[in-house]
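Report on the structure given below.
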Amino acid sequence: MHVEYDRDTCIGMFQCVAEWEGFERDEDAGKAVLVNGEERESGRFVREVPGEEELDAKFAARVCPVDAIAVYDDEGEQLIP
Numbered sequence: 000m001h002v003e004y005d006r007d008t009c010i011g012m013f014q015c016v017a018e019w020e021g022f023e024r025d026e027d028a029g030k031a032v033l034v035n036g037e038e039r040e041s042g043r044f045v046r047e048v049p050g051e052e053e054l055d056a057k058f059a060a061r062v063c064p065v066d067a068i069a070v071y072d073d074e075g076e077q078l079i080p
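Sequential numbering from 0 applies to the sequence shown in numbering that gives the first Met the number 0.
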């Protein structure tokens, strides 16, 4: 499973940070940071999710008020927009 995060869409509510340790606060930018995320294109980051963190990553995606986080299974099917 992996997470895709659109930092440009993020509005800095930090609800994802409360749900999963895969996100941290960047108070200076007013945006969340995907820890160990790899930038695939400008402002879009991707990270694999360890099996024991999958539920937390899904919760982080669900609570994002602007849908800046998407979760995909290993076959590339989007689980959470």
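We treat Cβ as the ideally placed atom computed from N, Cα and C, and that holds for glycine.
As the structure is a prediction and not an experimental result, all values here were calculated from the model.
Glu24 - containing beta strand (DSSP E), residue span: Translated into positions along the sequence shown, residue 24 becomes position 25. Note on residue identity: the sequence assigns Arg, not Glu, to residue 24. Segment 22-25, the beta strand (DSSP E) holding Arg24.
Check whether Ala60 and Cys9 have beta carbons under 9 Å apart: Residue mapping note: residue 60 aligns to position 61 of the sequence shown, counting from 1. Residue mapping note: residue 9 aligns to position 10 of the sequence shown, counting from 1. In this structure, Cys9 does not lie closer than 9 Å to Ala60 by Cβ.
Other residues of its chain near Met12: CB distance less than 7 Å, five sequence neighbours each side excluded: If you number the sequence shown from 1, residue 12 lands on position 13. Cβ-Cβ distances below 7 Å link Met12 to Pro64 in the same chain, with the five nearest sequence neighbours on each side left out; the list follows chain order.
Phe13 in three-state terms, based on DSSP: By 1-based counting over the sequence shown, the position of residue 13 is 14. DSSP places Phe13 outside both helix and strand once states are collapsed to three, so it counts as coil.
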